[in-house]
Amino acid sequence: MVAKKSIKFLTILGIVFSSLTTFAKSGETSEKGGQVSTPEQINDYIKHHLADSHDFALFSYTNDAGERKHVGFPLPVILWTSNGLTTFMSSEFHHNDDGHVLVEKNGMKFAKIHSKIYELEAGASAVAFDDAHHATNAARVLDFSITKSVFGMLFAGFLMFLGFRSLAKGYKKGAIPTGVGRVLEPLVLYVRDEIARPNIGEKKYKKFMPYLLTVFFFIWILNLLGLTPLGFNVTGQIAVTVCLALFTLVIYLSNGTKDFWAHTLWMPGVPVILRPILAVIELVGFVLIKPFSLLVRLFANITAGHFVVMSLIALMITLKNQFGAVGSTGISLVLALFISVIEILVAFLQAFIFTMLSSLFIGMAVEEHEHH
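Going by this note's numbering, the first residue of the sequence shown is number -10, and it counts up by one from there.
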């Protein structure tokens, strides 16, 4: 038993250390191939890591000819333009992010500026910028591309499908599942017995278990993927957390009981003159404040975790003059390793908090009051 636990710990430690090593190696160069040596360049690199991208770049290296090479694969670019739907692969931008490489499709020209895709005006041969480096002859298009974050969500969904399929097959063979199912079963029971039942109630919790299980494992897996060398930062994208919070909002508002709406819009037991004021306060709380607390908590904690890890790794560059290359690398890796181990706990904790609060809000909406 002790040996198995030691192997599991060393496996987790190896994954974390390999992630830090990959970040450390890639952190010495910017996405454009130049050396990262100043605070401004370090900030730009961290922002680039936290942001979404149209291609999946694993790492970069410089070949013998001094050329910067990127290892990864392109992703589909799907745009809705003035002429309708347009698609092509992100590799046509040649990893260029300053708008100088134009992609021509269906008689239109597209440029990628600061990771955003623009459509140039008819007849334009290049992107024109103003003093603030904003494009003056190009307009944003509706972007439905399969970006790195979208790919990460699809990958997490695929892992969830395989895991729960294994769990279902295990139950068909016997009362105790095997393989991956033995890992998932305690977590499923935990969500049911410690989150859904206490907050929603014995009568109605089963109706909301599919959503609670989905959101818990979805967030948890994405948080763990963000700690690997793959470099995902899906739950650190505000658009993703907004969508998750909106799902919770729609579920608890659409399932609100008659008692819930009666107590929200016309609160009994208080003076009539105060009821409209309290109704507005309650509506603002349910429609704005509660979803906002969900999306900000997840977004801020995950983004802060990635930012701290990348900042600690950047210490090897800023402290190189004081401690030398070996000393600065050792200091930054030890500190980043410590934070990354904590991030493994945070990955589970944030999934738990989001699921717990979602079940609490749902329970408040579906609760049936006793009238005496």
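Note that CB positions come from ideal geometry on N, CA and C, so glycine has one too.
Since we're looking at a predicted model, the values are computed, not measured.
Apply the 10 Å Cβ neighbour rule to residue i and answer buried if 16 or more other Cβ atoms are within range, or exposed otherwise.
i, result
"residue 295", "buried"
"residue 273", "exposed"
"residue 343", "buried"
"residue 217", "exposed"
"residue 298", "buried"
"residue 275", "buried"
"residue 209", "buried"
"residue 245", "buried"
"residue 258", "exposed"
"residue 362", "In the structure as shown, the chain begins at -10 and stops at 361. Residue 362 is therefore absent and cannot be evaluated."
"residue 291", "buried"
"residue 15", "Confidence at residue 15 is low in this model, with a pLDDT of 41, below 50, so the placement of that residue is unreliable and no value is reported for it."
"residue 260", "exposed"
"residue 163", "exposed"
"residue 12", "Confidence at residue 12 is low in this model, with a pLDDT of 42, below 50, so the placement of that residue should be treated as unreliable; the coordinate-derived value is given next. Burial call: buried."
"residue 287", "buried"
"residue 35", "buried"
"residue 352", "buried"
"residue 281", "exposed"
"residue 114", "exposed"
"residue 47", "exposed"
"residue 150", "exposed"
"residue 147", "exposed"
"residue 327", "exposed"
"residue 238", "buried"
"residue 329", "buried"
"residue 9", "Bear in mind that a pLDDT of 42 at residue 9, under 50, signals an unreliable position, so the model cannot answer this."
Take residue i and list the residues in its own chain whose beta-carbon comes closer than 7 Å to its own, dropping the five residues that flank it on each side.
i, result
"residue 279", "350"
"residue 213", "336"
"residue 193", "355"
"residue 200", "240"
"residue 198", "181 and 185"
"residue 79", "43, 44, 63, 64 and 66"
"residue 132", "68 and 106"
"residue 203", "none"
"residue 70", "97, 108 and 130"
"residue 77", "66, 92 and 94"
"residue 119", "125"
Would you call the CB atoms of residue i and residue j closer than 7 Å?
i, j, result
"residue 325", "residue 301", "yes"
"residue 95", "residue 126", "no"
"residue 205", "residue 340", "yes"
"residue 362", "residue 134", "Nothing can be reported for residue 362, as the shown portion of the chain is limited to -10 through 361."
"residue 90", "residue 106", "no"
"residue 156", "residue 178", "no"
"residue 128", "residue 116", "no"
"residue 43", "residue 136", "yes"
"residue 248", "residue 108", "no"
"residue 75", "residue 68", "yes"
"residue 81", "residue 92", "yes"
"residue 234", "residue 277", "no"
"residue 189", "residue 348", "yes"
"residue 102", "residue 121", "no"
"residue 369", "residue 321", "In the structure as shown, the chain begins at -10 and stops at 361. Residue 369 is therefore absent and cannot be evaluated."
"residue 152", "residue 159", "no"
"residue 250", "residue 264", "no"
So who's on the other strand from residue i, going by DSSP bridges?
i, result
"residue 78", "65"
"residue 97", "94"
"residue 105", "102"
"residue 237", "DSSP output for residue 237 lists no bridge partner at all."
"residue 113", "DSSP, once it has assigned bridges, lists no residue as partnering residue 113."
"residue 73", "70"
"residue 131", "69"
"residue 45", "62"
"residue 296", "According to DSSP, which records beta bridges pairwise, residue 296 is partnered with nothing at all."
"residue 118", "124"
Excluding the five sequence neighbours on either side, which residues of its own chain have a C-beta within less than 6 Å of the C-beta of residue i, listed in chain order?
i, result
"residue 138", "41, 223 and 226"
"residue 221", "141, 214 and 215"
"residue -6", "Confidence at residue -6 is low in this model, with a pLDDT of 46, below 50, so its placement is unreliable and the value that follows should be read with caution. So no residue of the chain qualifies."
"residue 211", "145, 223 and 224"
"residue 21", "Low confidence applies to residue 21: its pLDDT is 46, below 50, so where it sits in the model is not reliable enough to give any reading."
"residue 229", "223"
"residue 168", "155"
"residue 98", "91 and 109"
Flag residue i as yes if its beta-carbon sits less than 7 Å from any beta-carbon of chain C, otherwise no.
i, result
"residue 113", "This model lacks chain C altogether, as it is built from one protein chain only."
Cutting at 8 Å between CB atoms, please list the residues of its own chain near residue i, excluding the five before and the five after it.
i, result
"residue 268", "253, 254, 255 and 256"
Review point. In chain order, which continuous runs of the alpha helix (DSSP H) of length 4 or greater are located wholly inside the segment 133 to 166?
Key: 137 to 162
Check your understanding: Which ranges does the alpha helix (DSSP H) cover as unbroken runs of at least 4 residues, wholly within the segment 166 to 228, from first to last along the chain?
Key -> 169 to 179, 186 to 189 and 194 to 214
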